[in-house]
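When the letters of the sequence shown are read in order and numbered with our numbering, they come out as residues 24 to 510.
Below: the structure, in structure tokens.
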Amino acid sequence: MPKLYVFAMGGTGSRVLKAFTMLLSAGARLGSNIDEVVPIIIDPDLANGNKNETVNLLDNYRTVYDSLSNDTDRVKKLPPFSVKIKPLNGATNYAMKIGGDNTNSQFRNYMAFSTLSSDDKALVGMLFSQADQEVDMTIGFTGKPNIGSVILNQFDYTDFAGNFNNGDKIFIISSIFGGTGASMFPLLLKNLRAAQNPSLNIANGAAIASSQIGAITVLPYFNLLPDDDSPIDSNTFISKTKSALSYYEHNLTGLDVLYYIGDPNRSALVNNAGGKNQRNPANFCELAAALAIFNFASDPALPVGGTGSTIYREYGINGDCSNGIVFPAFSADRRSYTLLTRPLTNMALLSKYLKDELETSIETQQTWIERNDYSFSSNNVYRALSDISALFMRWMTEMDGENQATRFSPIVLTNDRDHVFELARGLKTKSVLSLKKNWDLFLSYLNDNKASTDANKIAKNDLGKPIAHILNALWRVSNDKIAFNDK
24 MPKLYVFAMG GTGSRVLKAF TMLLSAGARL GSNIDEVVPI IIDPDLANGN
74 KNETVNLLDN YRTVYDSLSN DTDRVKKLPP FSVKIKPLNG ATNYAMKIGG
124 DNTNSQFRNY MAFSTLSSDD KALVGMLFSQ ADQEVDMTIG FTGKPNIGSV
174 ILNQFDYTDF AGNFNNGDKI FIISSIFGGT GASMFPLLLK NLRAAQNPSL
224 NIANGAAIAS SQIGAITVLP YFNLLPDDDS PIDSNTFISK TKSALSYYEH
274 NLTGLDVLYY IGDPNRSALV NNAGGKNQRN PANFCELAAA LAIFNFASDP
324 ALPVGGTGST IYREYGINGD CSNGIVFPAF SADRRSYTLL TRPLTNMALL
374 SKYLKDELET SIETQQTWIE RNDYSFSSNN VYRALSDISA LFMRWMTEMD
424 GENQATRFSP IVLTNDRDHV FELARGLKTK SVLSLKKNWD LFLSYLNDNK
474 ASTDANKIAK NDLGKPIAHI LNALWRVSND KIAFNDK
């Protein structure tokens, strides 16, 4: 089966990759022709808080994935964690090395400015201001694409190219108003399409050059609060965007499909130039951007090989969303509706059960736990799933935050024990033939003998059995109780 290589550039790239991984965790279906994703993070800011959060999520996803089977029948009935995520050979924390060994210092040191001749120093002074030369590259390119283009032109393609096969696809995530993404995207595309050049000696160059390549360019969707100590000024975001769009119009060639997304209603964020403190709260724009990857992976009508005209696509929401985006807003776009409603609802239900109800199930010695001798205290798969579910709830809470200019509010995030299945705004509940309701009804599905039998088929190992058991019971009970209308 073909692989999908996802290049995630800069802080925005990591946040969109996080949203994409969340959807795969929750059971959004990527498409029948892709069963393996290779994420490649491009970010010189090694300590970036958003990036490290995404790396941890990817690691936890792989732990759960490795505990579950991936046969066709399982994926059809139980799609959470069904797509393989595999780091690239040679990558550290899913990130590929860029720009040589001297990117952990000022830009002037990278260029070996002190060793240049007086004429070369004068030329550098014309091209790069004193402030540019003193940029600390350990926190990225701080909104300076002119610097990023110099560093990123030395991207090492060896490990990526060596694993590439005919039929594999490439998707590129970048912002257009920052430094890393804005500088890397056009350059990466150009180099990928030129990979077959014999003088470059790139393995599998012909397959890379003729592959299907899509990208999403994220326009400004947040502002930064003024900070005299930060090199980033969000007042320049629009001018940078206009300049980059003009360049794309005349120079961006070889792309099969380009997605655009942004938000004119921009939230104001704390201005952190980089490092561990750059952990922007999740934003709906990032989730919508992740949907472009699903569209790219599953649309058979898209061109291949970059030889024809680029297809351009934008994203919009149906109706008035001033009070928050809820599931009915996606009713005109059945693909988005299907990708979001059941997966996000089920993951919210799972997260509430793990956080607020599982301990009670253990203390009351529920049949499903005792019968199968399930253990949770020393189960690394359970810990990984718990970490994912906790991050999911924080991710959803941030997108529904009061400070968001555009709120994403489809889920009731509190655990209302009297209305457990009424958690998806805009979706109705259904009746089932049972005297039990709410969490007691969920427990009846967990205690069903069929759940144990199915879990044994789904799990690859003993650590995966309780996870398979919970996921299978949850998928069944939500299907019986919630009218998703996604068929």
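Beta carbons: idealized from backbone N, C-alpha and C, even for Gly.
Predicted, not measured: the structure shown is a model, and the values here were computed from it.
Residues near residue i by beta carbon distance below 6 Å, same chain, minus five either side
i             : result
alanine 218   : Ile225, Gly228, Ile231, Ala232
serine 409    : Leu377
tyrosine 88   : Phe104
leucine 215   : Ile231
glutamine 235 : Lys192, Asp279, Val327
Cβ neighbours of residue i in the same chain (closer than 7 Å, five flanking residues each side left out)
i              : result
tryptophan 498 : Leu101, Asn369
alanine 491    : Leu91, Ala478, Ile481, Ala482
glutamate 382  : none
glycine 487    : Ser90, Leu91, Val404
serine 309     : At residue 309 the sequence reads glutamate, which differs from the serine that was named. Around glutamate 309: Arg38, Val39, Ala42.
leucine 494    : Leu101, Pro103
threonine 86   : Asn403, Val404, Ala407
For residue j and residue i, the rounded distance between their alpha carbons
i                 : j                 : result
tyrosine 244      : isoleucine 199    : 11 Å
asparagine 274    : glycine 185       : 28 Å
isoleucine 505    : leucine 46        : 19 Å
aspartate 269     : tyrosine 376      : The question names aspartate, but residue 269 is serine in the sequence shown. If I take the Cα positions, the gap works out to 50 Å.
serine 412        : isoleucine 57     : 25 Å
proline 110       : tyrosine 84       : 12 Å
serine 55         : proline 103       : 14 Å
alanine 315       : threonine 264     : 20 Å
lysine 473        : asparagine 303    : 43 Å
serine 501        : threonine 181     : 46 Å
isoleucine 385    : isoleucine 392    : 7 Å
isoleucine 108    : arginine 52       : 14 Å
alanine 352       : histidine 442     : 23 Å
aspartate 94      : valine 106        : 11 Å
valine 241        : aspartate 485     : 43 Å
leucine 450       : valine 349        : 10 Å
threonine 115     : leucine 80        : 15 Å
asparagine 73     : alanine 42        : 11 Å
glycine 237       : aspartate 356     : 20 Å
methionine 401    : alanine 407       : Position check: residue 401 holds serine in this sequence, whereas methionine was assumed. If I take the Cα positions, the gap works out to 11 Å.
leucine 466       : phenylalanine 415 : 22 Å
glutamate 76      : valine 39         : 12 Å
proline 221       : tyrosine 360      : 46 Å
glycine 163       : glycine 34        : Note that glycine 163 has pLDDT 46, beneath the 50 cutoff, so the model's placement of it is unreliable and the number below is only indicative. Straight-line Cα distance between these residues: approximately 9 Å.
phenylalanine 183 : arginine 394      : 47 Å
proline 62        : aspartate 96      : 26 Å
cysteine 344      : leucine 436       : 19 Å
Anticipated Cβ contact below 8 Å, residue i with residue j, distance rounded
i                 : j              : result
serine 197        : methionine 32  : 4 Å
phenylalanine 317 : leucine 362    : 6 Å
alanine 312       : isoleucine 239 : 5 Å
glycine 50        : proline 366    : 4 Å
serine 37         : asparagine 71  : 7 Å
Opposing strand residues paired with residue i [DSSP bridges]
i             : result
threonine 115 : Ala118
lysine 375    : The partner list for lysine 375 (beta bridge, DSSP) is empty, contrary to what the question assumes.
methionine 32 : Ile65
arginine 97   : For arginine 97, which the question treats as bridged, DSSP gives no partner whatsoever.
tyrosine 282  : Ile239, Arg336
threonine 264 : DSSP, once it has assigned bridges, lists no residue as partnering threonine 264.
serine 290    : Phe245
glutamate 59  : Lys26, Lys107
lysine 192    : Leu27, Gln235
C-beta atoms of residue i and residue j nearer than 8 Å
i                 : j                 : result
serine 290        : asparagine 188    : no
glutamine 389     : leucine 469       : yes
glycine 190       : proline 323       : no
arginine 417      : serine 432        : no
threonine 364     : phenylalanine 507 : yes
isoleucine 193    : alanine 118       : no
alanine 371       : leucine 446       : yes
isoleucine 195    : phenylalanine 30  : yes
lysine 453        : aspartate 503     : yes
phenylalanine 307 : threonine 420     : no
asparagine 341    : serine 354        : yes
aspartate 379     : asparagine 438    : yes
leucine 27        : valine 60         : yes
8 Å CB neighbourhood of residue i in its chain, flanking five on each side removed
i              : result
proline 209    : Tyr270, Tyr271, Asn274, Leu275
isoleucine 334 : Asp279, Val280, Leu281, Leu325, Pro326
glycine 424    : Pro304, Arg430
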